[in-house]
Each structure stands twice: as C-alpha cells, then as structure tokens.
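Asks: So the sequence lines, in the order shown, correspond to chains W and F. When the count follows my numbering, it moves up by one through the first sequence with no breaks and lands on 357 for the last residue. When the count follows my numbering, it moves up by one through the second sequence with no breaks and lands on 357 for the last residue. Please see the structure below; I have some questions.
Protein chains: 2
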Amino acid sequence: MEDQFRTEIADLGEFGLIEHLTKNNETMQASTILSVGDDGAVIDQFGRQTVISTDLLIEGVHFDLMYTPLKHLGYKSVAVNLSDICAMFATPTHITVSIGISNRFSVEALSEFYDGVYAACAKYNVDLIGGDTTTSLKGFVISVTAIGEVAPDKFVTRAGAKENDLICVSGDLGGAYLGLQILEREKKIFMEHKGVQPDLQNQDYLIGRILKPEPRVDIVEWLQEHNITPTSMIDISDGLSSELLHICRKSEVGCILYEEKIPVGEETKTMGMQFNIPTSTCALSGGEDYELLFTIKQEDYEKTIRNSDITVIGYITPLDQGAHLLTPSGNKHKLVAQGWNAF
Amino acid sequence: MEDQFRTEIADLGEFGLIEHLTKNNETMQASTILSVGDDGAVIDQFGRQTVISTDLLIEGVHFDLMYTPLKHLGYKSVAVNLSDICAMFATPTHITVSIGISNRFSVEALSEFYDGVYAACAKYNVDLIGGDTTTSLKGFVISVTAIGEVAPDKFVTRAGAKENDLICVSGDLGGAYLGLQILEREKKIFMEHKGVQPDLQNQDYLIGRILKPEPRVDIVEWLQEHNITPTSMIDISDGLSSELLHICRKSEVGCILYEEKIPVGEETKTMGMQFNIPTSTCALSGGEDYELLFTIKQEDYEKTIRNSDITVIGYITPLDQGAHLLTPSGNKHKLVAQGWNAF
Numbered sequence: 015m016e017d018q019f020r021t022e023i024a025d026l027g028e029f030g031l032i033e034h035l036t037k038n039n040e041t042m043q044a045s046t047i048l049s050v051g052d053d054g055a056v057i058d059q060f061g062r063q064t065v066i067s068t069d070l071l072i073e074g075v076h077f078d079l080m081y082t083p084l085k086h087l088g089y090k091s092v093a094v095n096l097s098d099i100c101a102m103f104a105t106p107t108h109i110t111v112s113i114g115i116s117n118r119f120s121v122e123a124l125s126e127f128y129d130g131v132y133a134a135c136a137k138y139n140v141d142l143i144g145g146d147t148t149t150s151l152k153g154f155v156i157s158v159t160a161i162g163e164v165a166p167d168k169f170v171t172r173a174g175a176k177e178n179d180l181i182c183v184s185g186d187l188g189g190a191y192l193g194l195q196i197l198e199r200e201k202k203i204f205m206e207h208k209g210v211q212p213d214l215q216n217q218d219y220l221i222g223r224i225l226k227p228e229p230r231v232d233i234v235e236w237l238q239e240h241n242i243t244p245t246s247m248i249d250i251s252d253g254l255s256s257e258l259l260h261i262c263r264k265s266e267v268g269c270i271l272y273e274e275k276i277p278v279g280e281e282t283k284t285m286g287m288q289f290n291i292p293t294s295t296c297a298l299s300g301g302e303d304y305e306l307l308f309t310i311k312q313e314d315y316e317k318t319i320r321n322s323d324i325t326v327i328g329y330i331t332p333l334d335q336g337a338h339l340l341t342p343s344g345n346k347h348k349l350v351a352q353g354w355n356a357f
Numbered sequence: 015m016e017d018q019f020r021t022e023i024a025d026l027g028e029f030g031l032i033e034h035l036t037k038n039n040e041t042m043q044a045s046t047i048l049s050v051g052d053d054g055a056v057i058d059q060f061g062r063q064t065v066i067s068t069d070l071l072i073e074g075v076h077f078d079l080m081y082t083p084l085k086h087l088g089y090k091s092v093a094v095n096l097s098d099i100c101a102m103f104a105t106p107t108h109i110t111v112s113i114g115i116s117n118r119f120s121v122e123a124l125s126e127f128y129d130g131v132y133a134a135c136a137k138y139n140v141d142l143i144g145g146d147t148t149t150s151l152k153g154f155v156i157s158v159t160a161i162g163e164v165a166p167d168k169f170v171t172r173a174g175a176k177e178n179d180l181i182c183v184s185g186d187l188g189g190a191y192l193g194l195q196i197l198e199r200e201k202k203i204f205m206e207h208k209g210v211q212p213d214l215q216n217q218d219y220l221i222g223r224i225l226k227p228e229p230r231v232d233i234v235e236w237l238q239e240h241n242i243t244p245t246s247m248i249d250i251s252d253g254l255s256s257e258l259l260h261i262c263r264k265s266e267v268g269c270i271l272y273e274e275k276i277p278v279g280e281e282t283k284t285m286g287m288q289f290n291i292p293t294s295t296c297a298l299s300g301g302e303d304y305e306l307l308f309t310i311k312q313e314d315y316e317k318t319i320r321n322s323d324i325t326v327i328g329y330i331t332p333l334d335q336g337a338h339l340l341t342p343s344g345n346k347h348k349l350v351a352q353g354w355n356a357f
C-alpha cells in the first residue's frame, strides 16, 4: 500500500479504472464473442449464444437499509442484473446470488431478502441456480450474476449506432431519482425527530421507481416480435446523459438530444417542482430508472412508434459534431455525464 | 432487524442456512439441469452443457492482506472458482471478476491484483469476460463467477457415490493448513516485534499451498482421457472430513476412510511435528488444499492408480453403516466435520 508511485483510483474514475485494468486482457477461447466493456459479455455455446452480466452491491454505497425493505432489495438486486441482459437484447434465463452478511442479520431477515429474489425470478421466469453465502465483517454485500440467451449474432452492443439513427428510450425517466430524494428527506426528518412517521402518501410511483425497478424484458420481446433490431442499446443505470455518451463513445458518433422530448411522468413533474429540481436534470443525471436507451434505423421509425411506451428523443450525428442537448428555447449545450459514480 | 421471532444464522450454520433459503426454489427453465447445492450448477445450452460456479471473498474473513500479496490474491480468487468447475468434471472456459475496494487502494495495488487474475487465466486458458468495479466502505470484496463446459450429461455431482465405490483424492493434503499456521505465526511475531523480518525460508511449498492453490484441471483431463468417469466428485475447500461427509449425505451412503492412506507431503509431516499438530488433523479438518475428492467404480481401480498423483483412501459403505475413520491401530471413529465454517 505504500507505493512510491501511487495513483489514486479517483483520478482515473470508474471507467478509466476498468480500461486501465483490462487493457491487456486478451481472450483465448474461440467461444468468446464479446468480452469486457458492454452491459454483458457474449459466449458462443455451440452455435447459440449466451450473455453474462454481473453486479456487486454494497451496503452504504448502493443501498441504505434504513429505507430499503429487504424484500425490495432482493427484488432489485435481481432486477438490475436482468436489465443488463435486456440491454444486450437478450432474454434472461438464470441467475446466481451470493451474499455476505454480518451476524446482525437474522434468518428471518435473510428470508425476506430471498422472498424478493424469488419474486423477481418468478415474475421474469428466471431460475436461481447457485450462489455463495458467507459472513462479512461489516455491512451487507450482494453479488448477482445473470445469464441470458440470444439468437446467434442477434445481441446488441453499445457500439453499433450510425449517423442518422434515431435515439429511443423506453418508459419515463427521472422518477427513481426523485423517489430517492423523498426517501432521503424522510430519513433526515426521522433522524432528527425520532418517532415521526415518514410521509410517503401518494408517492407510490416514485418510491416504487427507486425501490422496485423492473427490467424491460417486455420492450426487448416487443422489438423482437416486430423485427426491429436496435443498432445499439444500453440500460439507464447512471442517468440518460452518461448512458448516451457511452453509446456515442463506443459507436464513435455524436448526437442531438431534444430536452423537451425526454419522457417524464406526471408524478415526476409534480415532485420535481416540490424539490425545485428541473425534471430534465432528474432524467439526464439521476439514474436508476433501468429503462432501455437504444438507437434504431430511420426505416424502423414507423414500426417503433406504434409502441406508446417508446419515445424518440433525438438522433445520431457524425463524431465531429459532438454530443449535444437542444433546449426548448433552441439553446445547444454540450452533453456532460453527471451520473452517479461509484468512486 | 427487530424481529420478535429471531433465529440466529449461527444456529443454522452455512449449509442449514442455504437449505433454508433454497427449500422453496423451483426451477422453471427447461434448460436448468442442476440447480443449487453442488459445486456448480449445470445449464443445457442447445444440447451441450455449461457449468456455473460463484464465490464471494471478503477481506478479514477469507483473506488477510497483511500476508497475502495482492497478486497471489488475484490468482487464488480465480483458482478456487476454477476448482469448483473441475469438481463438476468440467473444463473451465470463462470467468467474471467483480471487486469492491476502498480508497486506501491505489491503482498500482489493483493492477497487482489483476496481474494475478490474468496469470491464472493465462495458465488455465480461461477468458476474463466481465465484472463490476465499485467502491466499498470498508475492506476488499471479491466476487468471481466461473463458467465451464462439459459434454452432455458427463458432469459429476456429489450425489452419485455407490456402495463399494473407491474413494480417491488427488495430490496431498494438509499443506495449506500448515502454510496458514506459518503465516499466522509470523504475523504475530511481526505485530509484537515490529521490524522483525518473517522467517519463511524453506517453506515455499507450504506457503505456496495456502497462497497459490492450483485447480486440478490436469486430473479432470487425465481421467477424461482415460475414460474414467467418477461416480461423485467435490473439491476440498473445507477439509477432507467435511467434503467426504457432503458426498455421503448427498449420495445417501456411508464410508470407511483409512487414516494412514491419506496422502501427506514430506514438508507437511515436518512442519506438523514443529507445530505439534497431527498431519491427519491438518488433512481432515484443515481445508484450502483445493485437491479433488472423488469416488470411482471398483472396475476403474487398475486404470486409476496408474496416475501416481491419485491415491485411494477408502471405500463407500451402505448408509446405515455411517461414515468412519479407521486409524492405523485399528480404532474406528465417527467421521465429523470440523472444517472451516463461514459462520
């Protein structure tokens, strides 16, 4: 630890760190079709393809047990991994769940967590096939690996967006961020005035968005049924800006994003006003919505907009034009990633 | 957390807990061939089969950074997962590695860890295809998932041992446990007398056994080449007694284990005397040797013993005869699991 030449991890950031650590990673197996750097990896399995994705969730970093019921936490741990499989345009089939727990947890508490895991498995027709259970000195640690399947070479990466492709997003955005603000506010009030019951009335939608996200398996299935193959795809865990910039960087393209076209729910608008946060900020930088962001060819436009749960929010430009946000008043801002950063 | 009816996790133990949490686990996917409860799970992939295994390693529980070089830790994190794939009689092909790290780690320190990961990948021809990198509030957390392949229905579980089958083990046992004792002793001396350099001379073998275990891919390949299919198999992570009892319980059989036949290396014998610990105790209860424990049909005996790195150490009996250890003096002891328990 006492290196003379010490580089702080914060100096590289999460993506810089991953790039640094994997730059010499050479794959040897002929079956490795796609390795590190996307929502999931792709392995060839005797002519069919398997997608693998994994997430590590740590108490105090990714979740706060003070306002996260364990059943919701179990559900969400599975859901966010299934979302990664969806983002590869694949269908999730199996998961493994490993946990590290301290002795402050009872068996009943853990059962609650697993009730949530099983509920997500049942809803998405996914099998829990393994895991590891161990002790932790401090805090709850959850590691989930999800496996999915996709027809040969039908997986979709972040790297395929082309000039003039349309940028689409599923559902609505910004809700999870405001749900989190509500929970943090109520936690603060509770900490200052013990005994005061949290006021969460009429906020089911926003709180549900943060505590119980749903992977958009339905969107993947709908696109597949309608023979629409996105040219690129990612799920929105860190915020729309950050994810769109991933697509731009990997695809070596620019983009124009219309601020007014970003889909935002009514509850999000109302609560955004209460918190005095522009809803577009919630959508662009909030994260945790777990909607799908993808690009389609222009020729698929008519077919795609038949799904009322998909919104076209912009288009892809050449690389040298950069990535920009167009405001309703016609101003053009450089798109910047202010998403959640694990470091 | 404040359940009126609270069951302590320690009351169930690791295996009881896993059983409790997975007792209602129903699989829905037709492709799920083997689920929770063995060294790995088995998924059917369009006629061929994939084995998945996962481990969660937590600083202070599974490793001590005071005497574990980060490169060794990276290597071992991969090796122990590949060992699980071997224990399913499969060939490892891919891994994912997720890490949670606090800011006390520098980029250089992490690179060391990944050098070890890549060294294990290169040695065993395995591709690193993904992972997750995040921050932890305290301690280093590592989650590895390994994937392997096996010909259809050629995987081997813990459940197939039959009466009169011979019990075999690869390599020699007990070395890792004594290696750990040496490291713990030197750590203690170092803590009491700062500046005293650890005396690890001539202890490369034992220290190597604990810091750099090797998965027995070679044993699996040799058995496959010689058309020997074990009837059951497990890898020795917790100690011979504990692992053999897993086979007995899952296979619903008993066993006789000959204490004098347990393979123990010269270094282990010498150091066992220094520490005044019987070498059979190290082998039976020590764990972390990552050798393979398996059963074969009697008809495969002649073929199997041609491999000098495989030792026959006992045989399988009917369930009602129980699991016993026979000492050189002819005493018969009930076999008990005193392996390492994560709770």
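Where a beta carbon is used, it is the ideal one built from N, C-alpha and C, also for glycine. In this text the structure is predicted, and so the values were computed from the model without any measurement.
If we define contact as Cβ-Cβ less than 8 Å, is F:GLU22 a contact residue for chain W?
Replies: Residue 22 of chain F sits at position 8 when you count from the first residue of the second sequence. So yes, F:GLU22 belongs to the interface.
Asks: According to the Cβ coordinates, are W:ILE196 and W:GLN217 closer than 8 Å?
Replies: Here the question's residue 196 of chain W lines up with position 182 in the first sequence. Here the question's residue 217 of chain W lines up with position 203 in the first sequence. Yes, they are a contact pair.
Asks: Report the neighbours of F:GLU33 on chain W: residues whose CB is nearer than 9 Å to its CB, in chain order.
Replies: Position 19 of the second sequence holds residue 33 of chain F. Near F:GLU33 there are no residues of chain W at all, since even the closest Cβ is about 11 Å away, more than 9 Å.
Asks: What are the start and end residues of the alpha helix (DSSP H) that includes F:HIS86?
Replies: In the second sequence, residue 86 of chain F corresponds to position 72, counting from 1. First-last of the alpha helix (DSSP H) with F:HIS86: 84-100.
Asks: So, is the C-beta of F:ASP249 closer than 8 Å to a C-beta in chain W?
Replies: The residue given as residue 249 of chain F occupies position 235 in the second sequence. It does not; no Cβ of chain W falls within 8 Å.
Asks: Give every residue of the same chain whose Cβ lies closer than 8 Å to the Cβ of W:GLU235, excluding the five residues on either side of it in the sequence, and list them in chain order.
Replies: As a first step, residue 235 of chain W must be located in the first sequence, where it is residue number 221. So the list reads THR105, once near-sequence residues are dropped.
Asks: Do you know how far the Cα of F:SER112 is from the Cα of W:PHE357?
Replies: The count along the first sequence starts at 1 and reaches residue 357 of chain W at position 343. The count along the second sequence starts at 1 and reaches residue 112 of chain F at position 98. Residue confidence is low: W:PHE357 scores 44 on pLDDT, short of 50, so the model does not pin down where it sits. Its coordinate-derived value is still stated next. C-alpha separation (whole angstroms): 15 Å.
Asks: Go to W:MET247, then tell me how far its beta strand (DSSP E) extends in each direction, as first and last residue.
Replies: In the first sequence, the residue the question calls residue 247 of chain W occupies position 233. From DSSP, the beta strand (DSSP E) with W:MET247 extends over 246-249.
Asks: Determine the DSSP secondary structure at W:ALA165, reduced to helix, strand or coil.
Replies: Indexing the first sequence from 1 puts residue 165 of chain W at position 151. Coil, per DSSP.
Asks: Quick check on DSSP: helix, strand or coil for F:TYR315?
Replies: Walking along the second sequence from the start, residue 315 of chain F turns up at place 301. Looking at F:TYR315 - three-state DSSP - the assignment turns out to be helix.
Asks: Starting from the Cα of F:SER184, find the closest Cα among F:ILE23, F:VAL121 and F:LEU254 and give me that residue.
Replies: The sequence position of residue 184 of chain F within the second sequence is 170, counting from 1. Out of F:ILE23, F:VAL121 and F:LEU254, F:LEU254 has the C-alpha closest to the C-alpha of F:SER184.
Asks: Assign W:GLY344 to one of two classes, buried (16 or more other C-beta atoms within 10 Å of its C-beta) or exposed (fewer than that).
Replies: Counting from 1 along the first sequence, the entry for residue 344 of chain W is found at position 330. The residue in question, W:GLY344, is exposed, as its Cβ has fewer than 16 Cβ neighbours within 10 Å.
Asks: If you count every other CB in all the chains shown that lies within 10 Å of the CB of F:ALA175, and 16 or more means buried, which is it?
Replies: Locating residue 175 of chain F in the second sequence gives position 161, counting from the first residue. Buried is the call here.
Asks: In this structure, how does DSSP classify F:PHE154 when only helix, strand and coil are distinguished?
Replies: One-based indexing of the second sequence puts residue 154 of chain F at position 140. Three-state result, F:PHE154: coil.
Asks: If we ignore side chains and look at the alpha-carbon of each, how far apart do W:LEU237 and W:THR243 end up?
Replies: Against the first sequence, residue 237 of chain W aligns to sequence position 223. Against the first sequence, residue 243 of chain W aligns to sequence position 229. In a straight line, the C-alpha of W:LEU237 is about 7 Å away from that of W:THR243.
Asks: With 16 other CB atoms within 10 Å as the buried threshold, where does F:PRO332 fall?
Replies: Taking the second sequence and counting its residues from 1, the one referred to as residue 332 of chain F is at position 318. Classification for F:PRO332: exposed.
Asks: When DSSP builds the beta bridges, which residues end up paired with F:LEU48?
Replies: In the second sequence, the residue the question calls residue 48 of chain F occupies position 34. F:LEU48 is bridged to F:VAL56.
Asks: To the nearest angstrom, how far is the alpha carbon of F:SER265 from that of F:LYS346?
Replies: For the purposes of this step, residue 265 of chain F is taken as residue 251 along the second sequence, with counting starting at 1. For the purposes of this step, residue 346 of chain F is taken as residue 332 along the second sequence, with counting starting at 1. Approximately 22 Å between the Cα atoms of the pair.
Asks: With 16 other CB atoms within 10 Å as the buried threshold, where does F:TYR132 fall?
Replies: Looking up residue 132 of chain F in the second sequence gives position 118. Buried.
Asks: How big is the Cα-Cα spacing for F:GLY74 and W:LEU79?
Replies: As a working note, residue 74 of chain F is residue 60 in the second sequence. As a working note, residue 79 of chain W is residue 65 in the first sequence. Answer to the nearest angstrom: the Cα atoms are 23 Å apart.
Asks: So which residues on chain F does W:ALA55 lean against when the C-beta distance must stay under 8 Å?
Replies: For this step, residue 55 of chain W is matched to residue 41 along the first sequence. Going along chain F in sequence order, the residues near W:ALA55 (Cβ under 8 Å) are HIS108, THR110, ILE143 and GLY144.
Asks: Check the DSSP bridge columns for F:PHE77 and list the partner residues they point to.
Replies: Along the second sequence, read from residue 1 onward, the residue named residue 77 of chain F stands at position 63. F:GLU73, per the DSSP bridge assignment.
Asks: Please decide whether W:GLY130 counts as near chain F, where near means a Cβ-Cβ distance under 8 Å.
Replies: Looking up residue 130 of chain W in the first sequence gives position 116. Output row for W:GLY130: interface = no.
Asks: Assign W:ASP232 to one of two classes, buried (16 or more other C-beta atoms within 10 Å of its C-beta) or exposed (fewer than that).
Replies: Position 218 of the first sequence, counted from the first residue, corresponds to residue 232 of chain W. So W:ASP232 ends up on the exposed side.
Asks: Is the shortest distance between the beta-carbon of F:ASP252 and the beta-carbons of chain W less than 8 Å?
Replies: Residue numbering aside, residue 252 of chain F sits at position 238 when the second sequence is read from its first letter. So, not an interface residue.
Asks: F:PHE127: buried (16+ other C-beta within 10 angstroms of its C-beta) or exposed?
Replies: Residue 127 of chain F sits at position 113 when you count from the first residue of the second sequence. F:PHE127 is buried by the Cβ-count criterion.
Asks: What's the gap between the Cα of F:TRP354 and the Cα of W:ILE203?
Replies: In the second sequence, the residue the question calls residue 354 of chain F occupies position 340. In the first sequence, the residue the question calls residue 203 of chain W occupies position 189. With a pLDDT of only 47 at F:TRP354, under the threshold of 50, the placement of this residue in the model should not be trusted, and no figure is reported.
Asks: Specify, as a first and last residue, the run of the beta strand (DSSP E) that W:VAL121 falls within.
Replies: Residue mapping note: residue 121 of chain W aligns to position 107 of the first sequence, counting from 1. Premise fails: W:VAL121 lies in the alpha helix (DSSP H), 121-137, not in any beta strand (DSSP E).
Asks: What does F:THR64 touch in chain W if you count any residue whose Cβ is under 9 Å from its own?
Replies: Along the second sequence, read from residue 1 onward, the residue named residue 64 of chain F stands at position 50. Near F:THR64 (Cβ distances below 9 Å), the residues of chain W are ILE57, GLN59, THR64 and ILE161.
Asks: Since I believe W:HIS108 is in contact with F:THR361 (beta carbons under 8 Å), could you give me their beta-carbon distance rounded to a whole number of angstroms?
Replies: Shown here, chain F extends from 15 to 357; a query on residue 361 of chain F therefore has no answer.
Asks: Would you give the residue range spanned by the alpha helix (DSSP H) that F:PHE204 belongs to?
Replies: Here the question's residue 204 of chain F lines up with position 190 in the second sequence. Start and end: 189-206.
Asks: Taking the C-alpha atoms as reference points, what is the distance between W:LEU192 and F:SER299?
Replies: In the first sequence, the residue the question calls residue 192 of chain W occupies position 178. In the second sequence, the residue the question calls residue 299 of chain F occupies position 285. One C-alpha to the other measures close to 53 Å.
Asks: Taking Cβ-Cβ distances shorter than 8 Å, what residues in chain F pair up with W:GLU28?
Replies: Here residue 28 of chain W refers to the residue found at position 14 when the first sequence is read from its first residue. Chain F residues near W:GLU28: THR147 and THR148.
Asks: Which bits of chain W does F:GLU122 rub up against, with CB to CB less than 8 Å?
Replies: Against the second sequence, residue 122 of chain F aligns to sequence position 108. Those within 8 Å of F:GLU122 in chain W are ASP17, PHE19, ARG20 and THR21.
Asks: Would you tell me roughly how many angstroms separate the C-alpha atoms of W:ASP17 and F:GLU122, rounded to the nearest one?
Replies: Within the first sequence, numbered from 1, the residue matching residue 17 of chain W stands at position 3. Within the second sequence, numbered from 1, the residue matching residue 122 of chain F stands at position 108. The predicted model places W:ASP17 with a pLDDT of 47, which falls under 50 and marks its position as unreliable, so this point remains unresolved.
Asks: Alpha carbon to alpha carbon, how far is W:ARG230 from W:ASP323? Give it in angstroms, no decimals.
Replies: By 1-based counting over the first sequence, the position of residue 323 of chain W is 309. By 1-based counting over the first sequence, the position of residue 230 of chain W is 216. If I take the Cα positions, the gap works out to 11 Å.
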